[in-house]
Amino acid sequence: MRGAILATLLVLLYSAVSSALARSPIYRDVRRQTTSNTSLLVDFQVEKPVSVDATGKCKVEKILMEHVFAYSYGTPFVSNYTPPACDFNSVVFNFTVTSSGRQYDRLAIMYLGDIEVWRSSTAEPTTTGIIWTYTKDMSQYLSLWKQPQTIIFDLDNIVTDVYTGTFNTTLTATFFYQEDAPTKADLIFPISSGRGSEGESSVFSLPSENATVQQTLPLDSVRAMVSISANGQIDEEFWYTNVLESDIHTFESVAGTLLGYGPFRELQLFIDGMLAGVVWPFPIIFTGGIAPGFWRPIVGIDAFDLRESEIDITPFLPYLLDGNAHTYTIKVVGVDDNGGNGPATISESSVGSYWLVTGKIFIFKGDTQYNGTNSLPNITAPTPDIYTNHDIVEASNGTNISLAYSVHANRSLYISSDYGTWSQALSYSNTGYVTEGGLTQTNTQSTDGSSCSVNTLDVSYNNTVAFSYPITVNTTYGVYDSGITIAAGLDRGLEITASGRPDISVYTLVSGPSYMDTTQYGTGYYSSVTNHTYSFGDTTQNFKETSYGSVYERNVRAVNATVVSDSAGESGPSSAWSLSDVIGANAVRPSGSGEVREFIGRGPGEMVAGVA
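FYI, the numbering for the sequence shown is -22 to -1, 1 to 590, going by mature numbering (1 follows the signal peptide of the UniProt record, and there is no 0).
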């Protein structure tokens, strides 16, 4: 039975159902039309549109990149940037991509020198072609745009005689002057591997690398904020569905070894070895994730623009402003369940491969230099309360019937000094249920938290942020001698409330008070039986954002790659779509071996050469 399962799954491993072994994306899905090669499926991410409110003082458009990412693995686009001559205070990106053929989704990271400024991903093309456009406010990096820079755009793509899709990209920036524009950081320092001078990506890979840098802050700093950009790849892409480490062999005879270390992850920021703040990550789903039918043409929440979490390190400034270099370290930890039931701990060794991580320090300067005692902040940061539970039901013959497991966590943190305070409170729960030999799984996860910044020197930067991101995912895999089926359901959301700051937050993506609430739910189905391939998807997204004094709402539903209702725009023409449009009539038979759950990125397997 196991051999038949593996053979069937390997037939489809290279299909448009993106294996997590090859995934790294952020993009919009597309509305497919079937008339001519100029009719492209238009992918999109639901968001509040970004406007360019320029005055006559300055408005300049510059093409920063026109590039085809073909076989680009390890070879990013590199170019020199020179600032426009006029007096601009705002920058907006327009990123447009076309692609056709067959290809995986790919992660894209853009740097200015050593500093990551944007993390995105691609859509998987169809044979008739796709297009997406994303517009992004990049004004928060004004201090970088005012200086000559090396632009590095890293999009690792692989082209073969099977995977023919290239990504044809155009990145245009509009530099303009805006009246009453948000304030900007005076300086930005990287927390990265610092390979920009070599024309390479500066991302850290955790846990295998040591994500530590040294930086010396200017003595006239009055406010400092760290942002962290991170997402899981390969074994860590679907971290929120991982089972406890003690349960990874529960269904070995059918599904192979399950991915472990539990469904909880925490990113940590340390300054000179002292905990400065934590991030409980949002579960990004790229366009090949869970089931392919979900993401045409509506892509996952934040898929084109992975938002960055923020940690206010202003309370550390009296200690840091001594003219010396101090260390900044980012870590990712998972759960050591200590055997199953009861209290658990977190550990760097309880994380699979791998997380891509960078950070940066936004510095706001004042009028005078600090000349104090350089005393340490007061830090109250107890270890998180984490409890795990698991239960395995066996049949009378000793075969495991089902696995139920759960993780619950709470954490609080409070840091204070003469410059201000930073506090966090977070709660988390995840319950998982696996049955049918590991081929059916449901996970329900909730993550809620709040943070509060109090700035003694400038109360306008006082800010409270509350967030919630629930997710429920269920998948059932049918495995037969003639093929496989995948049935999936998804229900998730993201809600963020912020009292706001004068500058642009890389978390809320706006300046000032804001509220954003979005949900996505739907069903997906995939079947490949006796050389017949079929895919179905039905996805609805409801979105509302209040920011900059206005409200934007959009409610959109797509069925089989066609928008059937859209409160904010026209519905596309009806068109039938199936996965055979992407992969062709015949699946490809790769060589090698794997596990059942490797197919959908939830189990270990042999890395396919040339795939990242």
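Quick reminder that beta carbons are idealized off the backbone N, C-alpha and C, glycines included. Note that the structure is predicted; figures quoted are calculated from it, not measured.
*Short Cβ contact (9 Å threshold) for Glu230 with Pro168*: The sequence position of residue 230 within the sequence shown is 252, counting from 1. The sequence position of residue 168 within the sequence shown is 190, counting from 1. Cβ distance not < 9 Å, so Glu230 and Pro168 don't count as in contact.
*Span of the beta strand (DSSP E), counted from its first residue to its last, around Tyr530*: By 1-based counting over the sequence shown, the position of residue 530 is 552. Per DSSP, Tyr530 belongs to the beta strand (DSSP E) from Ser528 to Val537.
_My output table needs one value for Gly271: the three-state DSSP class, helix, strand or coil._
Position 293 of the sequence shown, counted from the first residue, corresponds to residue 271. DSSP places Gly271 in helix when its eight states are reduced to three.
*Enclosing alpha helix (DSSP H) for Leu122 [first to last residue]*: The count along the sequence shown starts at 1 and reaches residue 122 at position 144. That run of the alpha helix (DSSP H) goes Leu120 to Trp123.
*asked:* With a threshold of 6 Å on Cβ separation, who are the neighbours of Ser207 within its own chain once the five nearest residues in sequence on each side are excluded?
replied: Taking the first residue of the sequence shown as position 1, residue 207 is located at position 229. The beta carbon of Ser207 lies closer than 6 Å to those of Glu94, Arg97, Glu286 and Thr336 in the same chain, with the five residues before and after it left out.
*Assign Thr346 to one of two classes, buried (16 or more other C-beta atoms within 10 Å of its C-beta) or exposed (fewer than that).*
Reading the sequence shown from its first residue, position 368 is the one you call residue 346. Here Thr346 is exposed: its Cβ has fewer than 16 other Cβ atoms, across all protein chains shown, within 10 Å.
*Do Tyr439 and Ser428 have their C-beta atoms closer together than 9 Å?*
Locating residue 439 in the sequence shown gives position 461, where the first residue counts as 1. Locating residue 428 in the sequence shown gives position 450, where the first residue counts as 1. Taking C-beta atoms as the reference points, Tyr439 and Ser428 fail to come closer than 9 Å.
*asked:* Assess contact between the region 345 to 365 and the region 385 to 402, defined as three or more Cβ pairs (one per stretch) separated by less than 8 Å. Is contact present?
replied: The region 345 to 365 vs the region 385 to 402: in contact.
*Between the C-alpha atoms of Asn72 and Gln192, what's the straight-line distance to the nearest angstrom?*
Along the sequence shown, one-based indexing puts residue 72 at 94. Along the sequence shown, one-based indexing puts residue 192 at 214. Just so you know, the alpha carbons of Asn72 and Gln192 end up roughly 34 Å apart.
_Every unbroken beta strand (DSSP E) within the region 419 to 495, with a cutoff of 3 residues, ordered by chain_ = Segments of the beta strand (DSSP E) lying fully in the region 419 to 495: 441 to 446, 449 to 458 and 461 to 476.
*When you compare each of Val56, Val313, Ile449 and Tyr297 to Glu473 by their alpha carbons, which one comes out closest?*
Residue numbering aside, residue 473 sits at position 495 when the sequence shown is read from its first letter. Just measuring C-alpha positions, the residue of Val56, Val313, Ile449 and Tyr297 sitting nearest Glu473 is Ile449.
*Could you tell me whether the Cβ atoms of Val30 and Pro275 are closer together than 9 Å?*
Along the sequence shown, read from residue 1 onward, the residue named residue 30 stands at position 52. Along the sequence shown, read from residue 1 onward, the residue named residue 275 stands at position 297. In this structure, Pro275 does not lie closer than 9 Å to Val30 by Cβ.
*Tell me, which residues are paired with Pro321 by DSSP?*
Residue 321 sits at position 343 when you count from the first residue of the sequence shown. DSSP output for Pro321 lists Tyr365 as bridge partner(s).
_alpha helix (DSSP H) segment containing Ser231, residue limits_ = In the sequence shown, residue 231 corresponds to position 253, counting from 1. Ser231 -> alpha helix (DSSP H) spans Glu230 to Ala233.
*Measure from the C-beta of Trp258 to each C-beta in chain D and report whether the shortest distance is under 9 Å.*
Looking for chain D here will not work: only one protein chain is present.
*Looking at the structure shown, is Ser401 part of a helix, part of a strand, or coil, going by DSSP?*
Counting from one through the sequence shown, the residue named residue 401 turns up at place 423. Strand at Ser401.
_Tell me the DSSP secondary structure of Thr377 in three-state form._
Against the sequence shown, residue 377 aligns to sequence position 399. Judged by DSSP in its simplified three-state form, Thr377 adopts coil rather than helix or strand.
*Quick one: what's Glu244 bridged to in DSSP?*
The count along the sequence shown starts at 1 and reaches residue 244 at position 266. In the DSSP assignment, Glu244 is bridged to Val311.
*For Ala303, I'd like the list of residues in its chain whose CB is within less than 6 Å of its CB, leaving aside the five on either flank, ordered along the chain.*
Within the sequence shown, the letter at position 325 stands for residue 303. Within the same chain, Gln192 and Thr194 come within 6 Å of Ala303 by CB-CB distance, once the 5 residues on both sides are set aside.
*asked:* So, under 8 Å CB-CB, Asn421 and Val451 are touching, yes? Tell me the CB distance rounded to an integer number of Å.
replied: Taking the first residue of the sequence shown as 1, we reach residue 421 at position 443. Taking the first residue of the sequence shown as 1, we reach residue 451 at position 473. Going by Cβ atoms, the distance from Asn421 to Val451 rounds to 5 Å, so yes, they are a contact pair.
*Within 9 Å, strictly: CB atoms of Ser384 and Gly410*: For this step, residue 384 is matched to residue 406 along the sequence shown. For this step, residue 410 is matched to residue 432 along the sequence shown. Cβ distance < 9 Å, so Ser384 and Gly410 count as in contact.
*For Glu414, which of helix, strand or coil comes out of DSSP?*
By one-based count along the sequence shown, residue 414 stands at place 436. In the three-state reduction of the DSSP assignment, Glu414 falls in the helix class, which pools H, G and I.
*From the DSSP output, read off the bridge partner residues of His386.*
Here residue 386 refers to the residue found at position 408 of the sequence shown. DSSP lists Tyr365 and Ser407 as partners of His386.
*asked:* Once DSSP output is grouped into helix, strand and coil, what is the label at Pro296?
replied: The sequence position of residue 296 within the sequence shown is 318, counting from 1. Helix at Pro296.
*Sequence-distant residues of the same chain with beta carbon closer than 8 Å to Ser543, five excluded per side*: Reading the sequence shown from its first residue, position 565 is the one you call residue 543. Here the set comprises Asn533, Val534, Arg535 and Ser549.
_Residues in the same chain with beta-carbon distance under 6 Å from Ser380, minus the five sequence neighbours each way, listed in chain order, please._
As a first step, residue 380 must be located in the sequence shown, where it is residue number 402. Val371 and Thr413, listed in sequence order.
*Measure how close the beta-carbons of residue 591 and Ser205 come, nearest whole angstrom, since I'm counting them as under 8 Å.*
Because the chain is modelled from -22 through 590, residue 591 falls outside the range shown and cannot be assessed.
*If we count the other Cβ atoms within 10 Å of its Cβ and call it buried at 16 or more, is Pro126 buried or exposed?*
Start at 1 with the first residue of the sequence shown, and residue 126 comes out as number 148. By the C-beta density criterion, Pro126 is exposed, having fewer than 16 other C-beta atoms within 10 angstroms.
*Buried or exposed by the 16-neighbour rule on C-beta atoms within 10 Å, applied to Val70*: Reading the sequence shown from its first residue, position 92 is the one you call residue 70. Burial of Val70 is indicated by the presence of at least 16 other C-beta atoms within 10 angstroms of its C-beta.
*From what residue to what residue does the beta strand (DSSP E) around Gly227 run?*
As a position in the sequence shown, residue 227 is number 249, starting the count at 1. First, the residue type needs correcting, since residue 227 is His and not Gly in the sequence shown. Element bounds for His227: n/a, residue is neither H nor E.
*Three or more C-beta pairs below 8 Å linking the region 456 to 466 and the region 478 to 498*: The region 456 to 466 vs the region 478 to 498: no contact.
_Give me, in chain order, the residues of the same chain whose beta-carbon lies closer than 7 Å to that of Tyr332; leave out the 5 immediate sequence neighbours on both sides._
Reading the sequence shown from its first residue, position 354 is the one you call residue 332. Counting only Cβ-Cβ distances below 7 Å, and skipping sequence neighbours, we find Ser183, Leu184, Ser186, Gln211, Ile212 and Glu214.
*Range of the contiguous beta strand (DSSP E) that encloses Pro168*: Within the sequence shown, residue 168 is the residue found at index 190, counting from 1. Looking at the DSSP string, the run of the beta strand (DSSP E) that includes Pro168 is Leu165 to Ile169.
_the region 31 to 42 contacting the region 153 to 163, beta-carbon criterion three pairs below 8 Å_ = Verdict: yes, contact present.
*Quick one, are the C-beta atoms of Thr74 and Thr148 less than 9 Å apart?*
On the sequence shown, position 96 is the one that residue 74 refers to. On the sequence shown, position 170 is the one that residue 148 refers to. In terms of Cβ geometry, Thr74 and Thr148 form a close pair [threshold 9 Å].
*Report the partner residues of Met43 according to the DSSP bridge assignment.*
Translated into positions along the sequence shown, residue 43 becomes position 65. Looking at the DSSP assignment, Met43 forms a beta bridge with Leu149.
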